[in-house]
Each structure stands twice: as structure tokens, then as C-alpha cells.
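First up is the structure itself, then whatever we jot down about it.
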Amino acid sequence: MIRTGIGYDLHRLVSGRPLLLGGVHIPFDKGEDGHSDGDVLLHALTDALLGAAGLGDIGEFFPPGDPRWKDADSAQLLASAWAAIKDKGWQLENIDAVVALEKPKFLPWREAVRASIAGILGVDTDQVFVKAKTGEGCGAVGRSEAVAVWATCLLSR
Ligand code: MG
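Read left to right, the sequence shown gives residues 153 to 309 (the numbering used here).
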């Protein structure tokens with residue numbers, strides 16, 4: 153049996169916060185606002201995986217109003233959700249994601265981000281791909297007011 157999942161997330165970019173993508177800290181003068189550490193890529197990915205397994209969504213697993221998740225490490229949230237998914241017998245075929253980010257350039261960080269996500273999930277780096285697009289100067293992404301991510305995955309068992 154194979155199952156596909158999709159996830160989407162968007163966070164505002166604000167001063168005084170680290171820019172985290174896939175568990176990698178990318179140097180920039182702004183980062184994601186949020187209750188947790190704000191890692192928008194890991195959030196979209198967690199939603200894609202939970203959805204594929206039919207286990208709910210990130211907000212149900214980790215309610216944003218719950219003080220336990222204040223400044224939570226999104227890598228730990230993903231690892232926890234992934235453990236629940238694997239418990240149901242699912243294994244990962246692949247992940248693909250698009251990061252919408254005006255600045256900074258993502259390409260120099262891509263391999264580190266792929267390796268980071270693969271490490272969190274315990275899969276091979278070639279099962280994880282991430283690409284980036286700018287907002288072409290348009291909208292919240294284009295004005296560097298926000299970063300958004302779409303992620304898909306395929307699970308099998
Ligand atoms: Mg989020």
C-alpha cells in the first residue's frame with residue numbers, strides 16, 4: 153500500500169529570531185516568528201507525513217497553546233510524529249518540498265538541509281529533496297515578510 157501526503161506552512165519573518173529550515177540555522181537578519189522554534193519546513197513536512205498516515209495534523213499532535221511546545225525544537229516534534237507513523241508500519245519512500253523564500257539564497261544550504269531532514273527521519277539523503285523559489289518581489293514572500301513551504305511525501309507499508 154502506498155499513501156501520499158501534502159503539507160503547507162507559512163511563518164512571518166521578524167527580527168531577533170533565527171531562520172531555521174529543516175533543522176539548519178541559516179544566517180540571516182530575520183527568522184520565523186512562532187510559538188515553537190518556527191521551522192516552517194519541518195512543520196510542513198510533519199503535516200505531510202501525518203496526513204499520509206491518516207494520523208491527524210501537527211496542530212492536533214502539538215497544540216500551539218500548550219506551554220510544553222513553547223520554543224519547541226521542531227526536529228523533536230517531527231521525530232515524535234515520525235515515531236508514531238513508523239509504529240503503524242509505514243516507511244518513507246520519498247519527500248519533496250518547495251521553500252518560498254526571497255532572501256537569503258537557499259541553494260548553498262540545500263545539501264545540509266537534505267542531510268538534516270534525512271538524519272531526523274533515519275532515511276537516506278536521496279529520499280529527501282528540497283528546492284527553493286523566490287516570490288519574484290511579489291506578495292509577503294517577495295517582500296521578505298514571510299517564508300512558506302509546500303511539502304509532499306510518499307509512504308508505503
Ligand atoms: Mg508552523
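Every residue gets a Cβ at the ideal spot worked out from N, C-alpha and C, and that includes glycine.
query: Contact check, LEU244 vs LEU194, beta carbons under 8 Å; result: no
query: Residues of its chain near PHE258, where Cβ-Cβ distance is below 7 Å and the 5 sequence neighbours each way are ignored; result: VAL251 and ALA284
query: Any non-hydrogen atom of the ligand MG closer than 7 Å to HIS177 Cβ; result: no
query: Near the ligand MG: VAL251 beta-carbon under 7 Å from a heavy atom; result: no
query: When TRP234, GLU288, GLN228 and PRO260 are compared against GLY208, the one with the closest alpha-carbon; result: TRP234
query: N-terminal and C-terminal residue of the beta strand (DSSP E) that GLU184 is part of; result: 182 to 184
query: C-alpha gap between ILE269 and VAL301, whole angstroms; result: 14 Å
query: LEU331 and PHE214 closer than 8 Å at C-beta; result: Because the chain is modelled from 153 through 309, residue 331 falls outside the range shown and cannot be assessed.
query: Entirely enclosed beta strand (DSSP E) segments - the stretch 272 to 299, minimum 3 residues; result: 280 to 285
query: Classification of CYS305 by the beta-carbon crowding that lies within 10 angstroms, buried from 16 upward; result: buried
query: Presumed contact (8 Å Cβ cut-off) between GLU254 and GLY190, rounded CB distance; result: About 17 Å separates the two Cβ atoms, so there is no contact after all.
query: Residues sharing a beta bridge with LEU306, DSSP; result: THR156 and ASN246
query: Cβ-Cβ distance between GLU297 and LEU165 below 8 Å; result: yes
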